[in-house]
Amino acid sequence: MTHRSYRHGLPQPRAGRLATCLRYNAALGSPFAFNGSHVMLSYRHAFHAGNHADVLKHAVVVQLLRHLGQKDKSYWYIDTHAGAGVYSLTEGYATKTAEFESGIARLWERTDLPPMLSDYVDEVRALNPDGTLRFYPGSPYLAWRLMREQDRTRLFELHTTEIDVLRHNFRDAGRRAMIYEGDGFDGIKALLPPPPRRALVLVDPSYEDKRDYARTLNCIEESLKRFATGTYAVWYPQVTRLESQRFPDQLKRLQQKNWLHVNLTVSTHPTDGFGLFGSGMFIYNPPYTLAGALKQAMPYLVETLGQDAKAAFKLEHRGD
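Residue numbering for the sequence shown follows the numbering used here, starting at 4 and increasing by one per position.
Structure (structure tokens):
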């Protein structure tokens with residue numbers, strides 16, 4: 004149930020500079036190009052692209068980036084597990100599980116979305132300008148769309164296939180985007196604090212290896228020592244594994260104040276012990292507007308993405 008597979012950035016995805024055009028690319032087998040420049044798609048992690056966990060994660064990420072962009076001063080976006088970034092929802096692995104149908108697809112044609120969700124869905128629509136939901140963006144794509152000329156992105160990816168696609172898709176980004184092949188848990192140490200002293204750091208490993216829980220905790224603890232004022236967003240899965248159940252309380256202990264925790268449970272815990280029944284986001288140093296936006300959005304997500312009577316959300320935060 005990896006969630007590091009939904010990211011991607013594009014050479015020119017900025018309003019006013021992007022002439023979005025979808026073309027059929029016979030060489031790649033993907034109807035996708037931006038500004039006449041072909042963008043590669045990844046199928047490796049497409050099983051889960053656009054599912055309920057992605058909806059929560061990416062809606063939060065968009066809000067965090069919007070807030071950073073309100074000030075003229077530049078910021079960095081750092082992603083520890085960037086993946087490849089753009090995923091086809093109509094070909095390959097995504098068609099086998101079609102998890103997006105119980106995620107982004109349930110929001111796609113709604114006209115009553117709360118502002119936070121409307122903003123997020125609009126960013127997904129930018130990747131599907133003909134109005135048909137065929138592609139799903141990941142965090143680097145969303146970050147790149149929202150970045151300004153003065154902002155920078157730093158992306159880590161360990162998987163060889165994914166990073167090849169990521170590099171291809173960012174090949175025209177210049178020095179504004181740097182891609183590192185390696186372990187993001189260790190790699191971000193050299194980047195903190197970033198020169199502008201403003202940043203969003205997204206930490207969202209797959210957690211398929213249970214050691215990812217401990218490594219995430221260590222990563223955040225060390226990062227806060229280096230750059231205490233940065234905004235850190237940690238995604239985690241709700242699964243029956245004990246490490247997952249303990250994780251939120253462990254995250255709270257890393258910083259006694261100025262954090263926000265939100266989770267979305269969509270179904271009853273699976274009796275076989277397998278499967279994702281929800282997910283959560285834990286944010287350190289969140290913008291003051293985020294809690295209010297989530298108070299509007301979360302009941303709506305429970306109603307639209309909930310799969311049974313156990314669907315629910317939790318929202319808790321502690322200020323300065």
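Just so it is clear, CB atoms sit at the ideal spot from N, CA and C, and this is done for glycine as well.
{"Asked": "Reduced DSSP category for L92 - H, G, I as helix; E, B as strand; rest coil", "Found": "coil"}
{"Asked": "Those runs of the beta strand (DSSP E) which lie wholly inside the region 51 to 135 and span at least 3 residues", "Found": "79 to 82 and 89 to 91"}
{"Asked": "Validate contact between the region 191 to 202 and the region 226 to 234 using beta carbons, cut 8 Å, 3 pairs", "Found": "yes"}
{"Asked": "Alpha-carbon spacing of T5 relative to L92, whole angstroms", "Found": "At T5, the pLDDT of 37 sits below 50, so the modelled position is not reliable; the number obtained from the coordinates is stated separately. Taking the straight line joining both Cα atoms gives about 16 Å."}
{"Asked": "L254 vs I223 beta-carbon contact at 9 Å", "Found": "yes"}
{"Asked": "G88, buried or exposed, once every other Cβ within 10 Å from all chains shown has been counted against 16", "Found": "buried"}
{"Asked": "Distance, H171 Cα to P290 Cα", "Found": "33 Å"}
{"Asked": "Backbone CA spacing between D215 and F250 [nearest angstrom]", "Found": "11 Å"}
{"Asked": "Beta-carbon proximity of Y80 to D186, cut-off 9 Å", "Found": "no"}
{"Asked": "Cα-Cα separation, A315 to S270", "Found": "8 Å"}
{"Asked": "Coil, strand or helix - A176 by DSSP", "Found": "coil"}
{"Asked": "Neighbourhood of F188 by C-beta, 7 Å cutoff - its chain only, sequence neighbours within 5 removed", "Found": "T83, R218 and C222"}
{"Asked": "Unbroken beta strand (DSSP E) run spanning N288, endpoints", "Found": "From DSSP, N288 is part of no beta strand (DSSP E); its letter is neither H nor E."}
{"Asked": "Distance CB(G56)-CB(L318) smaller than 9 Å", "Found": "Inspection of the sequence shows that residue 56 is occupied by Ala rather than by Gly. No, they are not a contact pair."}
{"Asked": "Own chain residues within Cβ distance below 7 Å of G322, not counting five before or after", "Found": "K260 and N261"}
{"Asked": "Distance, L136 Cα to A176 Cα", "Found": "26 Å"}
{"Asked": "Opposing strand residues paired with P234 [DSSP bridges]", "Found": "Before going on, a small fix: residue 234 reads as Thr here, not Pro. DSSP lists L203 as partners of T234."}
{"Asked": "Pair within 9 Å by beta-carbon distance, L149 and R69", "Found": "yes"}
{"Asked": "Beta-carbon gap between L158 and A180 smaller than 9 Å", "Found": "yes"}
{"Asked": "Contacting residues, own chain, Cβ-Cβ under 6 Å from E102 (five flanking each side not counted)", "Found": "H51 and N54"}
{"Asked": "Straight-line Cα distance separating F173 from S40", "Found": "Legend: pLDDT at S40 = 43, less than 50; position of this residue unreliable, no value from coordinates given."}
{"Asked": "Presumed contact (8 Å Cβ cut-off) between G283 and V265, rounded CB distance", "Found": "6 Å"}
{"Asked": "Y90 beta carbon less than 9 Å from that of Y123", "Found": "no"}
{"Asked": "Within the region 240 to 319, ranges of the alpha helix (DSSP H) (whole runs, at least 4 residues)", "Found": "245 to 255 and 293 to 308"}
{"Asked": "Same chain only: Cβ atoms within 8 Å of P273, ignoring 5 sequence neighbours per side", "Found": "T243 and F280"}
{"Asked": "Beta-carbon contacts of W238 that lie in its chain and below 7 Å, excluding the five residues immediately before and after", "Found": "H6, K60, D207, S282 and M284"}
{"Asked": "Length of the line joining the Cα atoms of P118 and A300", "Found": "8 Å"}
{"Asked": "One or two residues paired with F188 in a DSSP bridge", "Found": "DSSP, once it has assigned bridges, lists no residue as partnering F188."}
{"Asked": "Buried or exposed (CB count within 10 angstroms, at least 16 for buried), Q3", "Found": "Limits of the chain in this structure are 4 at one end and 323 at the other, which puts residue 3 out of reach."}
{"Asked": "Span of the beta strand (DSSP E), counted from its first residue to its last, around P140", "Found": "F138 to P140"}
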